[in-house]
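Numbering-wise (the working numbering), the sequence shown opens with residue 993 and increments by one.
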Amino acid sequence: MPKTFAPAERYKKNYDEKDIAKAVEAIEKGLSKKQASKEYGIPRATLQFRLSNKLKKNGYGPPPILAQDEEELLVHWIKKCQLKGFPRQ
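Written out as structure tokens, the structure reads:
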């Protein structure tokens, strides 16, 4: 009869972005990565990755063409034209 293995338990992180930010700040103030890892309960590799600045903080996809205020101005103009009887198309 073949051996059966129980599935391994999945790793669940017990920290959030606030904890990571606090740990990174502590490291920048002089605390070692190993000490910060133990103190905040964050894996050392995670802290190393965050300190290397390789994490993209913006969303996916290409950057927007219009700035937020330009887009709002365009939306306002389109709605104004619609009220005057011009179609939205």
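In this text, a Cβ means the ideal position worked out from N, Cα and C, and glycines have one as well.
Residue interval of the alpha helix (DSSP H) (run including residue i)
| i | result |
| --- | --- |
| K1004 | From DSSP, K1004 is part of no alpha helix (DSSP H); its letter is neither H nor E. |
| A1028 | 1025 to 1032 |
| F997 | Neither: F997 is in no alpha helix (DSSP H) and is coded neither H nor E. |
| L1058 | Neither: L1058 is in no alpha helix (DSSP H) and is coded neither H nor E. |
Contact check, residue i vs residue j, beta carbons under 8 Å
| i | j | result |
| --- | --- | --- |
| V1016 | L1039 | yes |
| L1075 | L1066 | no |
| S1029 | R1036 | yes |
| Y1032 | D1008 | no |
| I1019 | K1025 | yes |
Secondary structure of residue i, DSSP reduced to three states
| i | result |
| --- | --- |
| F1041 | helix |
| I1019 | helix |
| K1046 | coil |
| K1072 | helix |
Distance cut-off 7 Å: residue i Cβ against heavy atoms of the ligand NAD
| i | result |
| --- | --- |
| K1025 | You won't find the ligand NAD in this model; it holds no ligand whatsoever. |
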